[in-house]
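Peer 1:
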Amino acid sequence: MKKMALLFTSFILTLVSHASIATEDNAVYPAAIFNFVEKGRNLNDIGEKISNVIFASLVVDPNITLVDREELDKLVDEATLNLSGMVNSQQANQIGQLTGAKIIVTGTVFEIGDNLMIVSKIIGTETSRVLGASVKGKVDDSLITLAESLSVQIASTIKSNAGILVAKPTSRSDDLARLKKQVNTTNLPSLAINIKEHHINKASIDPAAEIEMMFYSSKVGFDVFEKNSLEAKKSDILIVGEGFTEVATRKGNIVGVKARLEVKAIDRKTNKILFVDRQTELEVDLSEMIASKKALATASAKIAMRMLPKLSGL
48 MKKMALLFTS FILTLVSHAS IATEDNAVYP AAIFNFVEKG RNLNDIGEKI
98 SNVIFASLVV DPNITLVDRE ELDKLVDEAT LNLSGMVNSQ QANQIGQLTG
148 AKIIVTGTVF EIGDNLMIVS KIIGTETSRV LGASVKGKVD DSLITLAESL
198 SVQIASTIKS NAGILVAKPT SRSDDLARLK KQVNTTNLPS LAINIKEHHI
248 NKASIDPAAE IEMMFYSSKV GFDVFEKNSL EAKKSDILIV GEGFTEVATR
298 KGNIVGVKAR LEVKAIDRKT NKILFVDRQT ELEVDLSEMI ASKKALATAS
348 AKIAMRMLPK LSGL
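And the structure:
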């Protein structure tokens with residue numbers, strides 16, 4: 048009997064071990080690549096070329112999903128991001144919030160005599176941890192070869208240091224405990240919440256973002272009314288929003304879905320906009336719809352963590 052118990056325990060541990068390995072193998076790291084800064088007299092446009100080669104090299108890696116370059120350019124053009132030179136740790140958090148990137152890749156290329164050196168910074172948008180990678184060669188060496196060599200180092204650094212660069216997921220209970228400390232529960236306003244969702248090429252089943260917002264709001268003490276009820280029309284604050292999801296990456300049976308959620312809080316009496324925020328997230332799962340719901344729920348929870356303390360202080 049004892050031998051059977053030991054065999055059973057060994058079997059369970061083996062399953063857990065394999066599950067852990069599968070999870071690591073299937074991990075997907077959303078990353079954004081910015082143009083490298085040039086420091087040299089004869090390096091015009093080389094920074095952009097380096098980032099383009101790195102993008103082309105990493106885009107085929109199944110463990111890395113890249114933010115579209117046009118999306119980054121649009122944020123900069125709209126002045127949503129104020130980037131002058133290399134991205135720093137403070138800006139990295141904002142980039143992560145707006146694009147869903149967990150990792151930022153940027154860097155510098157410079158001349159030292161006849162030598163060319165390319166140094167990359169790999170920044171965790173959630174942890175602000177910074178790692179590096181570099182290559183060096185002659186100024187007349189193939190730029191593509193140097194950039195591809197750097198890409199290999201970048202991919203290896205991301206995968207081997209994911210635990211440092213990417214924040215570990217927090218539990219709902221931990222988030223609620225932290226949120227309760229930030230919310231002033233004296234005379235909390237009542238809320239009505241109406242967040243629409245759109246899943247590209249899929250029908251919407253249930254409002255994941257709306258439910259998550261209702262969960263956090265009610266748990267910290269807000270009165271939350273059903274959006275179609277008479278009481279909702281008399282609520283102090285209306286929270287409205289819209290979210291959409293689309294497939295970002297596939298690896299075997301694993302699908303990665305990207306969600307973007309935009310939310311604003313409006314004072315019912317004055318129609319004054321009290322709070323505006325947005326969040327982009329990427330989640331993976333065997334099911335496209337479950338990954339979509341997870342991504343929207345995560346985005347909603349992060350907005351709730353930032354918004355509810357501010358609404359409680361009104």
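Those letters in the sequence shown? Residues 48 to 361, by this note's numbering. Idealized CB from N, CA, C, for every residue including glycine.
#1: What are the start and end residues of the alpha helix (DSSP H) that includes Ala214?
#2: Taking the C-alpha atoms as reference points, what is the distance between Gly94 and Leu343?
#3: For Met315, name the three-state secondary structure that DSSP assigns.
#4: Please work out which residues of its chain come closer than 7 angstroms, Cβ to Cβ, to Asn300, disregarding the five sequence neighbours upstream and downstream, and give them in chain order.
#5: From this set, Val182, Lys266 and Glu259, which residue's C-alpha is nearest Lys227's C-alpha?
#6: Please confirm if the region 292-308 is in contact with the region 267-275, defined as three or more CB-CB distances below 8 angstroms between the two stretches.
#7: Below 7 angstroms CB to CB, which residues in the same chain sit around Lys340 once its five sequence neighbours on both sides are set aside?
#8: Would you report the Cα separation of Glu29 and Pro356, rounded to the nearest angstrom?
#9: How would you call Gln138, buried or exposed, if buried means at least 16 neighbouring beta carbons within 10 angstroms?
#10: Does the distance from the C-beta atom of Ile142 to that of Thr172 stay below 8 angstroms?
#11: To which residues does DSSP link Pro77 through a beta bridge?
#12: Taking the alpha carbon of Val199 as the reference point, which residue from Gly160, Ile101, Lys298 and Ser218 has its own alpha carbon closest?
#13: What residue range does the beta strand (DSSP E) around Ser167 cover?
#14: What are the uninterrupted segments assigned as beta strand (DSSP E) that are 3 or more residues long and contained completely in the region 226-296, given in chain order?
#15: How long is the line joining the alpha carbons of Ser359 and Leu223, rounded to whole angstroms?
#16: Taking only three categories from DSSP, how would you classify Ser334?
#17: Between Tyr263, Val213, Ile320 and Lys215, which has its C-alpha nearest Val230's C-alpha?
#18: Per DSSP, which residues does Glu158 bridge with? Please list them.
#19: So, with DSSP's three-state summary, where would you put Asp324?
#20: In terms of DSSP beta bridges, what is Val84 paired with?
#21: Going by other Cβ atoms of all chains shown within 10 Å of its Cβ, with 16 needed for buried, is Asn82 buried or exposed?
#22: Straight-line CA distance for Ala338 to Asn91?
Peer 2: Taking the definition as stated:
#1: Translated into the one-based positions of the sequence shown, residue 214 becomes position 167. According to the DSSP assignment, Ala214 belongs to no alpha helix (DSSP H), since it is labelled neither H nor E.
#2: Position 47 of the sequence shown, counting from 1, holds the residue named residue 94. Position 296 of the sequence shown, counting from 1, holds the residue named residue 343. Leu343 has its alpha-carbon roughly 35 angstroms from the corresponding atom of Gly94.
#3: The residue labelled residue 315 in the question sits at position 268 within the sequence shown. At residue 315 the sequence reads Arg, which differs from the Met that was named. Under the three-state reduction of DSSP, Arg315 is assigned to coil, being neither helix nor strand.
#4: Counting from 1 along the sequence shown, the entry for residue 300 is found at position 253. Result list for Asn300: Leu333, in chain order.
#5: Counting from 1 along the sequence shown, the entry for residue 227 is found at position 180. It is Lys266.
#6: Contact check between the region 292-308 and the region 267-275: fewer than three CB pairs, one atom from each, fall below 8 angstroms, which does not count as touching.
#7: Walking along the sequence shown from the start, residue 340 turns up at place 293. Ala255, listed in sequence order.
#8: Any question about residue 29 goes unanswered here, given that the chain covers just 48 to 361.
#9: For the purposes of this step, residue 138 is identified with residue 91 of the sequence shown, where counting begins at 1. Counting Cβ neighbours within 10 Å, Gln138 comes out buried, since at least 16 surround it.
#10: In the sequence shown, counting from the first residue as 1, residue 142 sits at position 95. In the sequence shown, counting from the first residue as 1, residue 172 sits at position 125. A contact, by the Cβ cut-off of 8 angstroms.
#11: Within the sequence shown, the letter at position 30 stands for residue 77. Thr112, per the DSSP bridge assignment.
#12: Sequence index remark: in the sequence shown, residue 199 carries index 152 (1-based). Each of Gly160, Ile101, Lys298 and Ser218 was checked against the Cα of Val199, and the nearest Cα belongs to Ile101.
#13: Mapped onto the sequence shown, residue 167 falls at position 120. In this chain, the beta strand (DSSP E) harbouring Ser167 covers Asn162 to Gly171.
#14: List check, beta strand (DSSP E) in window: 238-246.
#15: Translated into the one-based positions of the sequence shown, residue 359 becomes position 312. Translated into the one-based positions of the sequence shown, residue 223 becomes position 176. Across the structure, Ser359 and Leu223 are spaced so that their CA atoms are roughly 15 angstroms apart.
#16: As a working note, residue 334 is residue 287 in the sequence shown. For Ser334, the three-state secondary structure derived from DSSP is coil.
#17: Numbered from 1 along the sequence shown, position 183 holds the residue referred to as residue 230. Nearest of Tyr263, Val213, Ile320 and Lys215 to Val230, Cα basis: Tyr263.
#18: Against the sequence shown, residue 158 aligns to sequence position 111. Glu158 is bridged to Leu163.
#19: Your numbering for residue 324 matches position 277 in the sequence shown. Residue state, collapsed to three classes: strand.
#20: For the purposes of this step, residue 84 is identified with residue 37 of the sequence shown, where counting begins at 1. In the DSSP output, where bridge partners are listed per residue, Val84 has Thr155.
#21: For the purposes of this step, residue 82 is taken as residue 35 along the sequence shown, with counting starting at 1. Flag for Asn82 reads buried.
#22: Taking the sequence shown and counting its residues from 1, the one referred to as residue 338 is at position 291. Taking the sequence shown and counting its residues from 1, the one referred to as residue 91 is at position 44. Taking C-alpha positions only, Ala338 is separated from Asn91 by approximately 42 angstroms.
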